[in-house]
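K.L.:
Once you know that position 6 of the sequence shown is 6 in UniProt numbering, the rest is easy, because the numbers rise by one and skip nothing.
Here it is, the structure, as structure tokens.
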Amino acid sequence: MNKEEIKIICLKQLTYTVISLVYICFFFSSVFANTLHGLSLYGPKNLKYKHGQSYEYSNPNAPKGGHLVLADFGAFTKLNPASLKGVPAPGIANLVFQTPMDSS
1 MNKEEIKIIC LKQLTYTVIS LVYICFFFSS VFANTLHGLS LYGPKNLKYK
51 HGQSYEYSNP NAPKGGHLVL ADFGAFTKLN PASLKGVPAP GIANLVFQTP
101 MDSS
């Protein structure tokens, strides 16, 4: 091996080491993350609802529990509505995909 090949190998090894260290730092940075009960564009002090407070349009004393039965005619061949083959179960697309955040 000549000097040029050794230099290229050392640069590749250094690059892989730096990328690995950056990846490890990002991976373990989640340990020190702060937990919040809400998210606001204007900072945590401008949240409309405090921790544990219910939405103004909901009833915190509403009865809980019970059974929900959804009936529909037809057949299905898959439970994943995102795949292209087959027929998804009726109404499952509304239950599987949720919005990432609630608006308040």
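Each residue gets a CB set at the ideal place from its N, CA and C atoms; glycine is no exception.
Straight-line CA distance for E56 to Y49?
P.N.:
On the sequence shown, position 56 is the one that residue 56 refers to. On the sequence shown, position 49 is the one that residue 49 refers to. For E56 and Y49, the distance between alpha carbons rounds to 9 Å.
K.L.:
Between I24 and P44, what straight-line distance do the alpha-carbon atoms span, to the nearest angstrom?
P.N.:
Within the sequence shown, residue 24 is the residue found at index 24, counting from 1. Within the sequence shown, residue 44 is the residue found at index 44, counting from 1. The alpha-carbon atoms of I24 and P44 are separated by roughly 29 Å.
K.L.:
When we look at the beta-carbon of N89 and count the other beta-carbons within 10 Å, is it buried (16 or more) or exposed?
P.N.:
Mapped onto the sequence shown, residue 89 falls at position 89. Per the sequence presented here, residue 89 reads as Ala, with Asn not at that position. A89 should be labelled buried.
K.L.:
Below 7 Å between beta carbons: does that hold for residue 110 and S58?
P.N.:
With the chain covering 1 to 104 only, the question about residue 110 has no answer from this structure.
K.L.:
Taking Q53 as the reference, which of F28, C10, G38 has the closest Cα?
P.N.:
Stepping through the sequence shown from its first residue, residue 53 is reached at position 53. When each option's Cα is compared against that of Q53, the closest is G38.
K.L.:
K7 by DSSP, collapsed to three states: which one?
P.N.:
For the purposes of this step, residue 7 is taken as the residue at position 7 of the sequence shown. Of the three classes helix, strand and coil, the one that applies to K7 here is helix, per DSSP.
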